[in-house]
Amino acid sequence: MRGKKILITGGTGQVARPVAEALAEHNEVWCIGRFGTPGVERELAARGITTWHWDMADGSEQALAGLPQDFTHVLHSAVHRGEDGDFNATAEINAVATGRLMSHCRTAEAFLFVSTGALYKRQTLDHAYTEDDPVDGSADWLPAYPMGKLATEGAVRAFARVLDLPTTIARLNIAYGPGSYGGVPMLYFRAMLAGQPIQVPLEGQNWCSLLHTDDLVAQVPRLWEAAAAPATVVNWGGDQSVGITDCIRHIEALTGVTAALVPSEVTRETYRFDPALRQKLTGPCTVDWRDGIERTLRVMYPQYLDGRRVAVKR
Numbered sequence: 001m002r003g004k005k006i007l008i009t010g011g012t013g014q015v016a017r018p019v020a021e022a023l024a025e026h027n028e029v030w031c032i033g034r035f036g037t038p039g040v041e042r043e044l045a046a047r048g049i050t051t052w053h054w055d056m057a058d059g060s061e062q063a064l065a066g067l068p069q070d071f072t073h074v075l076h077s078a079v080h081r082g083e084d085g086d087f088n089a090t091a092e093i094n095a096v097a098t099g100r101l102m103s104h105c106r107t108a109e110a111f112l113f114v115s116t117g118a119l120y121k122r123q124t125l126d127h128a129y130t131e132d133d134p135v136d137g138s139a140d141w142l143p144a145y146p147m148g149k150l151a152t153e154g155a156v157r158a159f160a161r162v163l164d165l166p167t168t169i170a171r172l173n174i175a176y177g178p179g180s181y182g183g184v185p186m187l188y189f190r191a192m193l194a195g196q197p198i199q200v201p202l203e204g205q206n207w208c209s210l211l212h213t214d215d216l217v218a219q220v221p222r223l224w225e226a227a228a229a230p231a232t233v234v235n236w237g238g239d240q241s242v243g244i245t246d247c248i249r250h251i252e253a254l255t256g257v258t259a260a261l262v263p264s265e266v267t268r269e270t271y272r273f274d275p276a277l278r279q280k281l282t283g284p285c286t287v288d289w290r291d292g293i294e295r296t297l298r299v300m301y302p303q304y305l306d307g308r309r310v311a312v313k314r
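Numbering (full-length UniProt numbering), first residue to last: 1 to 314.
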């Protein structure tokens with residue numbers, strides 16, 4: 001993409017920051033948010049990105065006053081996760097902020113909302129979820145989060161129709177890569193380093209569709225191209241099905257660090273996606289998950305890979 005004016009929320013996070021930095025090379029990119037991390041605005045400015053302060057919890061009409069409205073593309077990744085367990089506040093903050101944002105940017109060519117696969121109704125551990133599978137917005141590991149995403153999807157669908165704003169709802173799987181905190185695989189590695197237990201299912205393993213930063217960044221323009229009113233809904237994950245336990249064992253083999261896997265009735269549930277629709281919209285992924293994990297570790301934890309050349313079965 002070139003010559004566009006792009007608005008990105010959640011621009012300091014695992015998903016949106018690499019997108020913002022990549023697009024800023026040939027476009028005018030704005031990131032809006034609270035910017036609570038010291039120095040992050042300066043880092044974004046050094047990449048040619050304009051920052052503007054916005055608090056999602058401010059649901060008033062004045063929250064976006066003064067922000068330009070002539071953006072051609074919007075990526076909305078910011079989220080109130082509801083870690084305090086307040087379901088009503090989580091629904092209110094996310095849905096209202098998103099509706100305000102869509103109204104503010106109603107003339108955009110495309111609006112992309114980052115949702116989550118965690119809102120699907122849980123089936124078997126290895127079930128390949130399609131966009132038509134039933135949802136219930138239930139997750140024991142963070143109960144309010146998927147409910148908030150589901151409520152916001154409703155708002156996004158409504159505003160896409162009412163405003164005639166071409167929109168894509170992308171239900172994200174696990175994004176990972178050498179930026180921010182590295183994604184869920186690096187959360188597991190940090191737990192391994194600390195000797196902390198990692199909960200796994202009593203039988204079998206959780207499955208997911210890991211999406212490396214390189215593929216995520218490359219697919220955003222295609223997801224904008226797929227935007228429509230009514231909104232396009234697509235599962236946003238990688239092409240490969242990955243067992244979480246297999247992923248952790250791969251990290252063990254690469255680093256020599258042992259994981260303490262503990263069978264449990266409650267785990268951080270993950271979801272395997274059927275990639276057919278996403279492949280049709282964006283084309284195939286380019287990063288094999290094993291290579292992606294190794295590349296991420298080499299950037300974030302090189303001391304654990306230096307001198308190790310492990311032959312990994314593919």
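Here a beta-carbon is modelled for each residue, glycine too, at the ideal position from N, C-alpha and C. Predicted model, so just to flag it, every value in this text is computed and none were measured.
Within the continuous alpha helix (DSSP H) that includes residue i, where are the two ends?
i: L67; result: That residue, L67, is in no alpha helix (DSSP H); it is neither H nor E in DSSP.
i: V96; result: 87–104
i: V19; result: 16–23
i: T282; result: 276–282
Would you list the one or two residues that DSSP bridges to residue i?
i: I248; result: Beta-bridge pairing links I248 to no other residue.
i: R171; result: S115, N235
i: H76; result: T9, F113
i: G30; result: The question names Gly, yet the displayed sequence has Trp at residue 30. Bridge partners of W30: L7, T50.
i: residue 326; result: The structure shown does not extend to residue 326, since the chain is modelled only from 1 to 314, so the question has no answer here.
i: V40; result: DSSP, once it has assigned bridges, lists no residue as partnering V40.
i: F273; result: Y129
Look up residue i in the DSSP assignment and say whether it is helix, strand or coil.
i: T213; result: helix
i: R268; result: coil
i: G243; result: strand
i: L150; result: helix
i: T50; result: strand
i: L223; result: helix
i: P197; result: strand
i: V310; result: At V310, the pLDDT of 44 sits below 50, so the modelled position is not reliable; the number obtained from the coordinates is stated separately. It is coil, neither helix nor strand.
i: Y176; result: strand
i: W289; result: helix
i: A128; result: strand
i: A144; result: helix
i: F71; result: coil
i: V135; result: strand
i: residue 353; result: In this structure the chain extends from 1 to 314, so residue 353 is not present and cannot be described.
i: A228; result: strand
i: Y120; result: strand
Does the Cβ of residue i have 16 or more other Cβ atoms within 10 Å, making it buried, or fewer, making it exposed?
i: A259; result: buried
i: T9; result: buried
i: L202; result: exposed
i: W141; result: exposed
i: K149; result: buried
i: H250; result: buried
i: L193; result: exposed
i: R161; result: exposed
i: E25; result: exposed
i: H53; result: exposed
i: T168; result: buried
i: A175; result: buried
i: R309; result: With a pLDDT of 46 at R309, under the threshold of 50, the modelled position of that residue is not reliable, and no figure is offered here.
i: residue 318; result: Since the first residue of the chain shown is 1 and the last is 314, residue 318 is not available in this structure.
i: A57; result: exposed
i: G11; result: buried
i: V299; result: exposed
i: G137; result: buried
i: A311; result: Residue confidence is low: A311 scores 40 on pLDDT, short of 50, so the model does not pin down where it sits. Its coordinate-derived value is still stated next. Result: exposed.
i: S60; result: exposed
i: R171; result: buried
i: T130; result: exposed
i: T282; result: buried
Would you check if the stretch 72–81 and the stretch 16–35 touch, i.e. whether three or more CB-CB distances between them fall below 8 Å? yes
Check whether the stretch 172–181 touches the stretch 91–107, taking contact to mean three or more Cβ pairs, one atom from each stretch, closer than 8 Å. no
I'd like to know if the stretch 224–236 and the stretch 147–164 are in contact, where contact means that at least 3 CB-CB pairs between them fall below 8 Å. yes
Assess contact between the stretch 204–212 and the stretch 286–296, defined as three or more Cβ pairs (one per stretch) separated by less than 8 Å. Is contact present? yes
Quick one: any contact between the stretch 191–202 and the stretch 252–268, if contact means 3 or more CB pairs under 8 Å? yes
Can at least three beta-carbon pairs, one atom from the stretch 109–128 and one from the stretch 80–93, be found at a separation below 8 Å? no
At least 3 beta-carbon pairs within less than 8 Å: the stretch 33–48 vs the stretch 61–73: no
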